[in-house]
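Residue numbers (my numbering): -7 to 351. Everything on this sheet refers to the single structure shown next.
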């Protein structure tokens, strides 16, 4: 091998190491917020000179900006994400409303969510999603080109390619719809589509009952029933993206009923449970949570969604579970109410925004 080839090889390895370290620095600021050189060095394991050089380089690239803050009685230079990185927007497509909200890469900027009624016609639905996108960034005083990432939360499962919605019993007009292509928002916006229960789980990990756990499940009770699974901090999707589709658990209904075949036994059972009382819902949820716990062994299970707010439901489920098994199963009520899916969509868009910076 020639000296030139060896030199190029060394340069290539050096570049890989540099990019890896830059990613570590950016991720540390993403996770912890504005930080000093010393704090970045401590959290990444890099030496202070190396961390300092990387921070200066990232500031020169426009990814970071500096500020002077008083820390422990002394003025220190801290590094923040640049305002020019852009915005992350999340949209939840629900049975009744299409809602949108945004944030910046710090996660601190937000506006009151925009909500428009969900139409039944698919062409009208595309228009409403587009209108929510426009209204959200306008209300925030931003331009469309400031939005770099968009995550769409849909009540259903995606096709294998992720390009279209395969099943959506609560919003049938979504089925078969290639929403990303139909929106025509331009190449500047990176669009992701994700199941609403998965995003509700992300929301719980970001701002809800699951923080700071990296291994948990979130059962979501709204117009339907779903579950998001987070394993080692990432959504667990399974081979075809159907992980967490607990609507089809063989619990609570006649498995030979055609409606059960189409919608799922648990979905039908939950839908038919008396909304005036928890007597039917509690044993259904106890069996569901125990089935999930036996297979996944999560650190905790979060129960959320509109129907989960019923007085006494959480306590009843905890009691029912405790009467069946001899070990503790941690069950927590979501503090996010009906906002869990939208918060999760914004969280996912924010993570995609970080990835655009990481390259």
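Note that CB positions come from ideal geometry on N, CA and C, so glycine has one too. These figures come from a predicted structure and were not determined experimentally.
Just to confirm, is the Cβ distance from residue 207 to residue 291 under 7 Å? In contact: residue 207 and residue 291 (Cβ atoms closer than 7 Å).
Between residue 4 and the rest of its own chain, which residues show a CB-CB distance below 7 Å, the 5 nearest in sequence each way excluded? Excluding the 5 residues flanking it on each side, residue 4 has no same chain C-beta neighbour closer than 7 Å.
I'd like the list of long-range same chain contacts for residue 156, defined as Cβ closer than 8 Å, with 5 residues on each side in sequence excluded. Answer for residue 156: 150, 168, 169, 170 and 171, listed in chain order.
To the nearest angstrom, how far is it from the Cα of residue 175 to the Cα of residue 43? Computed Cα separation, rounded: 42 Å.
Express the C-alpha separation of residue 55 and residue 111 in angstroms, rounding to a whole number. Linking residue 111 to residue 55 through their CA atoms gives a straight-line distance of about 40 Å.
Residue 332 versus residue 86 - alpha carbon distance: Rounded to whole angstroms, residue 332 to residue 86 spans 12 Å at the Cα level.
At what residues does the alpha helix (DSSP H) containing residue 34 begin and finish? Element bounds for residue 34: 29 to 36.
Cutting at 6 Å between CB atoms, please list the residues of its own chain near residue 107, excluding the five before and the five after it. Excluding positions up to five away in sequence, the list reads 89 and 91.
How about residue 32 and residue 9: do their beta carbons lie closer than 7 Å? It is not a contact, given that the beta carbons lie outside the stated cut-off.
Please report the distance separating the alpha-carbon of residue 116 from that of residue 307. Pairing residue 116 with residue 307, the inter-Cα distance amounts to about 42 Å.
Tell me where the alpha helix (DSSP H) around residue 51 begins and ends. 40 to 52 is the extent of the alpha helix (DSSP H) around residue 51.
Roughly how many whole angstroms lie between the Cα atoms of residue 28 and residue 325? Looking at the two C-alpha atoms, the distance is approximately 36 Å.
Would you kindly report the start and end of the unbroken beta strand (DSSP E) that includes residue 109? Here the beta strand (DSSP E) through residue 109 covers 106 to 109.
Could you check whether residue 100 and residue 46 sit closer than 7 Å to each other, using their CB atoms as the reference points? Residue 46 is not a Cβ neighbour of residue 100, given a cutoff of 7 Å.
At which residue ranges does the stretch 57 to 87 contain complete beta strand (DSSP E) runs of 3 or more residues, listed in the order of the chain? The stretch 57 to 87 contains these whole beta strand (DSSP E) runs: 66 to 73 and 79 to 85.
Beta carbon of residue 245, beta carbon of residue 257: below 7 Å? Cβ distance < 7 Å, so residue 245 and residue 257 count as in contact.
Which word fits residue 160, buried or exposed, when buried means at least 16 other C-beta atoms lie within 10 angstroms of its C-beta? Residue environment analysis places residue 160 among the buried positions, since at least 16 neighbouring C-beta atoms fall within 10 angstroms of its C-beta.
If you run the structure through DSSP and keep just helix, strand and coil, what is residue 354? An answer regarding residue 354 cannot be provided, because it is not within the stretch -7 to 351 covered by the chain.
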